[in-house]
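Worksheet: one structure, shown below.
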Amino acid sequence: MLLLNVVVGAFVLFGVRSEAADIRAYDVSSQALRVLLMVKRNQLPPTVPADGLDGIQVIDAAGRVVSSTPNLAGLPRLTTAIPHRNTANDVAELCDLRAFPGRCELAIALHAYQPDGAWVVYAFGRAVPWYVSPQVILFQVGVAALLVALTWFGVSRVVARTLAPVHNITKRLAEITAGGGGMRLPVAENVDDEIRALAETGNQMLERLETAMKKQEEAVEQQRRFAGDASHDLRSPITAMRTQVEDALLNPGDADWHATGGALLASLDRLQAIVADLLTLTRLDAGAPSPRERVELGELVTIETDRPRSKNVVTTLEPGVAVTGDRLQLARLMTNLLDNAERHADSQIVVTVRRQGEEAVLEVLDDGAGITPEQRETVFQRFTRLDAARSRDAGGTGLGLPIAREIARAHRGTLTIEDSERGARFVVRLPIGVDGPAQPRPK
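Per numbering that gives the first Met the number 0, the very first residue in the sequence shown carries number 0; after that it's consecutive.
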């Protein structure tokens with residue numbers, strides 16, 4: 000604003016000075032014209048009154064001074080700079096004239112044509128200074144100061160009001176950093192600008208961060224529970240083996256070492272099964288790459304169901320239903336579902352393979368007690384074994400169904416428990432002949 004005032008003030012001052020100079024020239028010319036009329040009427044005295052001018056000189060055709068104001072009496076012709084050749088009347092601003100040293104004068108030259116030649120009437124008046132007058136400079140300085148002050152006040156208010164939401168955002172971020180309150184930034188009301196967009200974008204980022212933190216906390220808690228459950232399940236066979244060995248060592252003469260060895264072997268088998276399942280889950284969680292090939296689900300089911308089982312297995316297999324995946328992992332999925340069904344079926348297991356749209360569907364249905372709807376997701380949690388409905392599940396590790404679901408997810412599929420008239424109906428859905436990245440695993 001100060002720069003603008005300087006530029007505008009310079010133009011205004013130039014215009015005012017030009018106007019003042021024109022007015023001054025008109026006044027000096029009027030006085031010079033009065034003397035010119037005296038010359039024309041042959042009424043010119045040797046001395047003429049100044050009448051507010053700085054001086055007047057009348058020069059005859061021979062270049063002699065024939066009349067002047069009292070302050071110029073006895074002085075020779077002050078200038079020959081004007082009038083210019085072929086110019087009747089002329090005006091100029093002349094400085095450091097003999098009679099006016101150290102200052103500039105507005106000089107007017109008028110030709111008066113006489114019988115003996117052209118006379119020249121010079122009139123001198125004080126030139127208008129560049130600042131015109133002190134009052135003009137003071138007025139311009141006052142206006143500039145007022146405009147600068149108003150601009151400073153207005154801009155400071157506008158900037159303060161504009162940046163107030165930024166201050167609030169900064170304050171809230173400091174509180175969030177210190178761990179206070181929810182992770183949300185204040186959004187200015189009735190404002191639609193970049194600051195509001197910044198706050199809204201920040202809230203979206205904080206919302207995703209908060210969700211990620213919650214998921215991380217849930218994952219940590221899940222890992223903690225998993226470690227506790229794994230420790231408990233691993234401790235059981237170890238405790239049993241220790242008890243059996245200690246009992247045999249207390250009475251070595253009466254101990255049946257063959258029976259003790261068989262019991263220890265059974266506990267070791269259970270311990271080995273738990274460790275093997277844990278390693279399988281670790282590989283699945285890590286997303287380790289595995290060989291992919293075309294696998295006929297019907298053939299896979301035939302191979303798995305041909306093994307001797309304690310329950311009758313009935314199969315309904317649609318030919319040509321194939322998926323792309325790891326044959327060993329898919330076989331493990333099938334084995335886990337059949338083992339689970341065998342433990343809980345009363346007499347029969349029904350295995351069905353069919354194509355449904357672009358999906359291959361594998362169903363394993365047992366005729367046992369079934370699983371209530373509210374517990375259908377619980378059974379897929381690691382080391383989970385239902386107490387009432389699955390009381391006969393004494394030989395499992397609690398990891399078979401979680402491993403089966405992770406294998407299905409690794410093949411971009413799903414494993415769920417769906418409604419059935421009797422027993423538990425496990426349904427696996429896999430894409431037909433499609434190979435790609437595994438389905439994201441929920442944390």
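Backbone N, C-alpha and C define an ideal beta-carbon position, used for all residues, glycine too.
Taking all protein chains shown into account, His343 has 16 or more neighbouring C-beta atoms within 10 Å of its C-beta and is therefore buried. Put simply, the backbone Cα of Glu292 is about 7 Å away from that of Arg326. If you check the CB distance, Leu400 and Gly412 do not come in under 7 Å. Note: Ser66 is bridge-paired with Val57 in the DSSP secondary-structure output. Residue environment analysis places Asn4 among the buried positions, since at least 16 neighbouring C-beta atoms fall within 10 angstroms of its C-beta. Membership of Leu96 in any alpha helix (DSSP H) is not indicated; the residue belongs instead to the beta strand (DSSP E) covering Asn88 to Leu96. Looking from the CA of Ala198, the closest CA among Met212, Met182, Ala211 and Gln139 belongs to Met182. Within the region 329 to 373, no alpha helix (DSSP H) run of at least 4 residues lies entirely inside it.
A direct Cα-Cα distance of roughly 54 Å separates Gly397 from Glu188.
Put simply, the region 160 to 177 does not touch the region 87 to 104. Fewer than three CB pairs are less than 8 Å apart.
Secondary structure note for Glu292: its beta strand (DSSP E) is the uninterrupted segment Glu292 to Glu295. Glu303 counts as buried, since no fewer than 16 other beta carbons sit within 10 angstroms of its beta carbon. Cβ contact annotation for Asp365 (same chain, cutoff 7 Å, sequence separation greater than five): Ala340, His343, Ala344, Ile348, Gly422 and Ala423, in chain order. Checking the DSSP bridge columns, you'll see Glu417 partnered with Arg424. If the five residues before and after Val57 are omitted, its C-beta is found closer than 6 Å to the C-beta atoms of Val65, Ser66 and Val120, all from its own chain and listed in chain order. Here the region 240 to 249 lies against the region 257 to 270, with 3 or more beta-carbon pairs under 8 Å apart. Short of 6 Å from the beta carbon of Thr315, and not among the five residues preceding or following it, lie these beta carbons of its own chain, in chain order: Thr351.
The region 72 to 79 makes no contact with the region 132 to 140, as fewer than three CB pairs between them are under 8 Å. Scanning its chain for C-beta atoms nearer than 7 Å, with the 5 sequence neighbours on each side dropped, one finds around Lys39 the residues Ala111, in chain order.
Cα atoms of Trp151 and Pro100: separation of roughly 46 Å, rounded to the nearest angstrom.
Per DSSP, reduced to three states, the secondary structure at Thr383 is coil, with no helix or strand assignment.
Using a 10 angstroms sphere on the CB of Pro236, the tally of other CB atoms reaches 16 or more, which defines it as buried. Going by C-alpha positions, Gly178 is about 49 Å away from Met333.
When the Cα atoms are used, Thr259 and Val363 turn out to be separated by approximately 38 Å.
Taken through DSSP and simplified to helix, strand or coil, Trp256 comes out as helix. Here Phe425 is buried: its Cβ has 16 or more other Cβ atoms, across all protein chains shown, within 10 Å.
With respect to the 7 Å criterion, Ala126 and Leu105 are classified as neighbours on the basis of their beta carbons. With respect to the C-alpha of Ile107, the residue from Gly141, Gly432 and Ser29 having the closest C-alpha is Ser29. The DSSP-derived three-state label of Glu199 is helix. Assignment of Pro430 by DSSP, reduced to helix, strand and coil, places it in the strand class. Annotated three-state conformation of Thr169 is helix, per DSSP. Look at Tyr112 here: in three-state DSSP terms it is strand. Here Trp118 is buried, its C-beta having at least 16 other C-beta atoms within 10 Å. Val158 is positioned such that its CB atom lies no closer than 7 Å to that of Leu1. DSSP, reduced to helix, strand and coil, places Tyr130 outside both helices and strands of the structure shown, so it counts as coil.
Following the DSSP letters along the chain, one finds Leu12 inside the alpha helix (DSSP H) bounded by residues Leu1 to Lys39.
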